[in-house]
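Read through the structure below, which is laid out as structure tokens, and then see the notes.
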Amino acid sequence: MHLKGFTAIVGKLHIHAMRSIASREMIASQSDAQWFHVYRRTSAGLELEQTEKDFDSAFDYCLRYAAPH
127 MHLKGFTAIV GKLHIHAMRS IASREMIASQ SDAQWFHVYR RTSAGLELEQ
177 TEKDFDSAFD YCLRYAAPH
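Sequential numbering from 127 applies to the sequence shown in the working numbering.
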């Protein structure tokens with residue numbers, strides 16, 4: 127059975143809500159998330175770039191990446 131979880135897309139970065147069940151990482155709803163993975167979209171697919179403890183931190187990371195330097 128495929129479970130649907132929370133995903134937010136910020137530019138080329140994707141934020142996925144995650145949680146641990148029986149020593150495995152699983153996708154989760156935003157309210158059930160224990161942490162958030164930030165993935166970068168590449169030609170090969172999605173590549174894990176960062177892990178944050180809450181959605182706001184993950185979103186801020188995405189905004190910092192997207193901001194002009």
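The beta-carbon is built from N, C-alpha and C at its ideal position, and this holds for glycine as well.
Measuring C-alpha to C-alpha distances from K179 to each of V136, K130, Q156 and Y191 identifies Q156 as the nearest. Leaving aside the five residues that flank Q160 on each side, the residues in its chain whose CB is nearer than 7 Å to its CB run, in chain order, M144, R145 and S146.
Apart from the 5 residues on each side of it in sequence, R167 sits with its Cβ closer than 6 Å to the Cβ of K138 in its chain, given in chain order.
Runs of beta strand (DSSP E) with 3 or more residues, each lying fully within the stretch 140-178, are found at 150-153, 161-168 and 171-178, listed in chain order.
In this structure, V164 keeps its C-beta atom at 8 Å or more from the C-beta atom of I135.
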